[in-house]
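Peer 1: Can you read through this structure? Questions will come right after.
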Amino acid sequence: MCAKADQHCHKREEHPEVFTIEVNGKNIVAHAGQTIAEAMLANGLKVFRRTRNGSPRGPYCGMGICYECRMIVNGIPNVRTCMTPATPGCKVLTQDESLMRVE
Ligand code: FES
Numbered sequence: 003m004c005a006k007a008d009q010h011c012h013k014r015e016e017h018p019e020v021f022t023i024e025v026n027g028k029n030i031v032a033h034a035g036q037t038i039a040e041a042m043l044a045n046g047l048k049v050f051r052r053t054r055n056g057s058p059r060g061p062y063c064g065m066g067i068c069y070e071c072r073m074i075v076n077g078i079p080n081v082r083t084c085m086t087p088a089t090p091g092c093k094v095l096t097q098d099e100s101l102m103r104v105e
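Here is the structure:
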């Protein structure tokens, strides 16, 4: 992952400063160096997941401890979006705990 293009590689042309990510089917603007959670909050999106009884939840700690910001990112559930850099074209879905099965 190259969230901080200047520090991780020198291919700046592959890491635009402003790009879009897809959240629940809608494109939102993200900036290089932002996490997915930062980009969502900057775009006014506050519901990151829903509990089993449907209650909306969003980021609480912002540092990877509480797991309240977990979402489905590129098909992978339970991704802590406050710890995950936004990358061009990534696809993010609200995680609905009522639809997830525990076996
Ligand atoms: S906001 Fe607490 S883990 Fe992401």
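Using my numbering, you'd call the opening residue of the sequence shown number 3 and step up by one each time. Where is the CB? At the ideal position from N, CA and C, for every residue including glycine.
Quick check: the Cα distance between T96 and K28, rounded to an integer number of angstroms?
Peer 2: Numbered from its first residue, the sequence shown carries residue 96 at position 94. Numbered from its first residue, the sequence shown carries residue 28 at position 26. Each residue's Cα considered, the two are about 12 Å apart.
Peer 1: Within 10 angstroms of its Cβ, does G91 collect 16 or more other Cβ (buried), or is it exposed?
Peer 2: Numbered from its first residue, the sequence shown carries residue 91 at position 89. Burial call: exposed.
Peer 1: Any heavy atom of the ligand FES inside 8 Å of the beta-carbon of M65?
Peer 2: Your numbering for residue 65 matches position 63 in the sequence shown. True, at least one ligand heavy atom lies under 8 Å from that Cβ.
Peer 1: Which residue or residues does DSSP assign as beta-bridge partners of K93?
Peer 2: The count along the sequence shown starts at 1 and reaches residue 93 at position 91. In DSSP, K93 forms a bridge with E24.
Peer 1: State yes or no: is the C-beta of R51 within less than 9 Å of the C-beta of R72?
Peer 2: Position 49 of the sequence shown, counted from the start, is the residue given in the question as residue 51. Position 70 of the sequence shown, counted from the start, is the residue given in the question as residue 72. Yes, the pair counts as a contact, with Cβ atoms nearer than the cut-off.
Peer 1: Any idea what DSSP makes of A32, helix, strand or coil?
Peer 2: Locating residue 32 in the sequence shown gives position 30, where the first residue counts as 1. The answer is strand: DSSP assigns A32 an E or B state.
Peer 1: Which partner residues does R52 have in the DSSP bridge list?
Peer 2: Within the sequence shown, numbered from 1, the residue matching residue 52 stands at position 50. P58 and D98.
Peer 1: Keeping to the same chain, check which residues put their C-beta closer than 7 Å to that of V31; ignore five residues upstream and five downstream.
Peer 2: The residue given as residue 31 occupies position 29 in the sequence shown. Counting only Cβ-Cβ distances below 7 Å, and skipping sequence neighbours, we find V20, T22 and N45.
Peer 1: Tell me which residues share the same chain as V25 and place their Cβ nearer than 7 Å to its Cβ, disregarding the 5 neighbours each side in the sequence.
Peer 2: Reading the sequence shown from its first residue, position 23 is the one you call residue 25. The answer, listed in chain order, is M42, L47 and V94.
Peer 1: What's the call for V75, buried or exposed, on a 16-neighbour Cβ count within 10 Å?
Peer 2: Start at 1 with the first residue of the sequence shown, and residue 75 comes out as number 73. It is buried - the Cβ of V75 has at least 16 other Cβ atoms within 10 Å.
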